[in-house]
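Q:
Number of protein chains: 2
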Amino acid sequence: MKILILGAAGMVGRKLIQRLVEAGNLGGREISRAILHDIAQPLAPQLSPFAVETLASDFSAGGEAEKLVASRPDVIFHLAAVVSGEAEADFDKGSRINLDGTRRLFDAIRAVGDGYRPRLVFTSSIAVFGAPFPEAIGDEFFLTPLTSYGTQKAIGELLLADYTRRGFFDGIGIRLPTICVRPGKPNMAASGFFSSIIREPLSGEEAVLPVPDDVRHTHASPRSAVDFLIHAATLDGAKLDARRNLTMPGVSVTVAEQIDALRRIAGDRVVARIRREPDSTIMKIVEGWPRRFDSRRAKSLGFQAEENFDDVIRIHIEDELGGAFAA
Amino acid sequence: MKILILGAAGMVGRKLIQRLVEAGNLGGREISRAILHDIAQPLAPQLSPFAVETLASDFSAGGEAEKLVASRPDVIFHLAAVVSGEAEADFDKGSRINLDGTRRLFDAIRAVGDGYRPRLVFTSSIAVFGAPFPEAIGDEFFLTPLTSYGTQKAIGELLLADYTRRGFFDGIGIRLPTICVRPGKPNMAASGFFSSIIREPLSGEEAVLPVPDDVRHTHASPRSAVDFLIHAATLDGAKLDARRNLTMPGVSVTVAEQIDALRRIAGDRVVARIRREPDSTIMKIVEGWPRRFDSRRAKSLGFQAEENFDDVIRIHIEDELGGAFAA
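Residue numbers (my numbering), protein chains in the order written: chain X, 578 to 904; chain A, 578 to 904.
Rendered as structure tokens:
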């Protein structure tokens, strides 16, 4: 089977391709070829059992999406996006990539025709929800995003459901909770601090906490994000009926609970590296975000995340730090 | 004040301009000028107390939306759309008008800049909802449209909320229930029969009922539709917070109850003009539509519809038939 990954140079994309290379198959079907695409050339994985092609282009530019789907990949992972902070700061860029780009990709798949109907996995976001919220957001709660990023993701979800209903492709949208602990350097996402306050202290560096300790949020590890993607790629689409977009499970904790978990695992000296520096811009964005989900539908379809935040930290230490941290 | 109406040649658009001409003002502010726009030249109303300009163009074509907003209208009514049946039959046309056209209009308003921030009233539709439904759809129920038309309207709603949040304009989206009794000839809307089974019999003609008598649906009269638009144009936007799209109130009845009301008002001979001729295509579309709403939020903001279906029929006889019908 052939696989296409858009946004393959991003953190989740890189972890996904690594997992596929290790497995050599997707849902038991052998992978013959993968196309890795991003705005900048993605790195090809080493020792891949299947052919890997890497491509760099702006997939929202005319004609580019058509090139990506010309080889009729069986599964398309659409992870490409301008992140929340950047889409809020640069409305035109966010609209162009997140909205026009997504639509052009969808239309390019449709234009292939001739019975081509790939599984398309789209990463949406919990930013499709906007305050005020119930205590836990259920599967039938409405989408009232309070950021342009959330709006663009919600539009992607609507298009995905309609294109799937019309038989243009077989789409599943997964709303990722905040991925934590994100490895590497902070990106422009307003949610970046949720990872920084764990990642930097574990590496012996100072981290800035821009919001109060009682802010509650839902997280899943990068490992779970890859699990979600693979499960979404291999799930029987008939089980989803017309409602093709799902809120993924995650661990709902306050910042204080995140810090408590860090203390249990790494001790007071590590926790002391968190410096509180309130930032009203970030606080305003985060206030509009959901805190907790009742993601029953995704769970009943077999999606699974961590049970507690201690596990989220342990996975970071295992997968990113080789099992050790700066005590 | 200056007013722009897109979709002014449509049934609701014509009734809206007629009402404005009769009043001469909108929310107490004198109207100085109205621009009436549609794909075909709209008729100018007679004896208008204000200047009326009529324009025909495809507002989804490059540069056209810019021309419409160049005179900086204070209130814009965006009623233009490809209806449900047509948007389902012609996906590209529906996408172009309902999605691209709406976005181009929104972007044209934004591009005026220089503090220009008009009230924009957008007619959405209950087709943004898709089965399965709760017994009554509340204000926080999610949008899972089962038609491309509903998808395109839901996307319009999301864009309207985001453009309003960003201060590009001051938008309010109103989800119209099925407008009944629609005067004139049937259009391509799959919901057309809800009106036909009242309108045709009252005019001495046969009507076709393509669905079973137990189909339940929500209706409001054309007079209420104009009331909704005017209320939305004059409502204090600050009362709506970030949730700018509202389900309008209406009368929820079964087809059998519609027919009973017709019998009470017009008698058995009129009712006998309804001929049952099941149509599985229409039934399939209608099955995906909502039946009843709990539109608390709109009501609390002062939107009002008829109390019962008898009133819906009486308004048709008053407004369209000069008070008499073909007994």
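Yeah, the Cβ is synthetic: ideal placement off N, Cα and C, and Gly gets one too. As the structure is a prediction and not an experimental result, all values here were calculated from the model.
1) Once the 5 residues before and after S625/A are set aside, which same chain residues still bring their CB inside 8 Å of it?
2) For a test of the three-state rule: what should DSSP assign to A633/A, helix, strand or coil?
3) Which residue wins for smallest C-alpha separation from F699/A, given the options G707/A, T824/A and D669/A?
4) Under three-state DSSP, which class holds K579/A?
5) Which residue from R840/X, A628/X, Q623/X and D845/X puts its Cα closest to that of S609/X?
6) Going by other Cβ atoms of all chains shown within 10 Å of its Cβ, with 16 needed for buried, is S672/A buried or exposed?
7) Can you look up E717/A in the DSSP assignment and give me helix, strand or coil?
8) In whole angstroms, give me the CA-to-CA distance for R891/A and I775/A.
9) Nearest by alpha-carbon distance to G640/X: which of A657/X, R680/X, Q618/X and S661/X is it?
10) Which ranges would you report for the beta strand (DSSP E) in the stretch 663-714 of chain A if only whole runs of at least 3 residues count?
11) Considering only the beta carbon of each residue, do A738/X and R821/X sit closer than 8 Å?
12) In terms of DSSP beta bridges, what is N885/A paired with?
13) Among L723/A, A658/A, N602/A and D856/A, which has the Cα closest to the Cα of G678/A?
14) Report the three-state DSSP secondary structure of E854/A (helix, strand or coil).
15) Please confirm if R820/A has its CB atom under 8 Å from at least one CB of chain X.
16) Mind listing the chain X neighbours of I732/A? Cutoff is C-beta to C-beta under 7 Å, in chain order.
17) Thinking C-beta only, is I732/A closer than 8 Å to A797/A?
18) Does DSSP classify T741/X as helix, strand or coil?
19) For the stretch 599-608 of chain A and the stretch 897-904 of chain X, state whether three or more C-beta atom pairs, one from each stretch, are separated by less than 8 Å.
20) So, using beta-carbon positions, are F668/X and R743/A closer together than 8 Å?
21) Look at I674/X and S701/X and say whether their C-beta atoms are less than 8 Å apart.
22) Which full runs of the alpha helix (DSSP H) of 4+ residues lie inside the stretch 785-847 of chain A, going along the chain?
23) Quick check: the Cα distance between F870/A and A713/A, rounded to an integer number of angstroms?
24) Could you pull out every residue in the same chain whose Cβ sits closer than 6 Å to the Cβ of P799/A, ignoring the five residues on either side in sequence?
25) Only counting runs of 3 or more residues, tell me where the beta strand (DSSP E) segments fall wholly within the stretch 745-775 of chain A, in order along the chain.
26) Quick one: Cα of V660/X to Cα of Q729/X, how far?
27) Do you know offhand how far P789/X's Cα is from F706/X's?
28) Have a look at I836/A, A647/A, F683/A and A843/A and flag the residue whose alpha-carbon is nearest the alpha-carbon of R852/A.
29) How do the stretch 643-655 of chain X and the stretch 580-591 of chain X stand: do at least 3 beta-carbon pairs fall below 8 Å, yes or no?
30) Quick one: residues in its chain with C-beta nearer than 7 Å to the C-beta of Q618/X, no 5 flanking neighbours on either side, listed in chain order?
31) Give a yes or no on whether the minimum CB-CB distance between R743/X and chain A is below 8 Å.
32) Taking the beta strand (DSSP E) that I653/X belongs to, which residues open and close that run?
33) In chain order, what residues of the same chain lie with their CB nearer than 6 Å to the CB of I749/X, ignoring the 5 residues before and after it?
34) Note down, in chain order, each residue of its chain lying with its Cβ closer than 7 Å to the Cβ of D635/X, except the 5 sequence neighbours on either side.
35) Name the two residues that bound the continuous alpha helix (DSSP H) containing I594/X.
A: A quick look at the data gives this:
1) V598 and A611
2) strand
3) T824/A
4) strand
5) A628/X
6) Taking all protein chains in view, the Cβ of S672/A is crowded by 16 or more other Cβ atoms within 10 Å, so the residue is classified as buried.
7) If DSSP states are grouped into helix, strand and coil, E717/A belongs with coil.
8) Taking the straight line from one Cα to the other gives about 11 Å.
9) Checked all of A657/X, R680/X, Q618/X and S661/X; the closest Cα to G640/X is R680/X.
10) 696-702
11) The Cβ atoms of A738/X and R821/X sit closer than 8 Å to each other.
12) The partner list for N885/A (beta bridge, DSSP) is empty, contrary to what the question assumes.
13) A658/A
14) coil
15) yes
16) I732 and L735
17) no
18) helix
19) no
20) Between F668/X and R743/A, the gap from beta carbon to beta carbon is short of 8 Å.
21) Going by C-beta atoms, I674/X is not nearer than 8 Å to S701/X.
22) Restricted to the stretch 785-847 of chain A, the alpha helix (DSSP H) segments that are unbroken, complete and at least 4 residues in length are 799-811 and 832-843, listed in chain order.
23) C-alpha of F870/A to C-alpha of A713/A: approximately 5 Å in a straight line.
24) K592 and I756
25) 747-753
26) 11 Å
27) 21 Å
28) I836/A
29) yes
30) For Q618/X, where only same-chain residues beyond five positions count, the Cβ hits under 7 Å are T631 and A633.
31) yes
32) V652 to H655
33) V698, A809 and R821
34) These residues qualify, in order along the chain: I616 and E641.
35) M588 to A600
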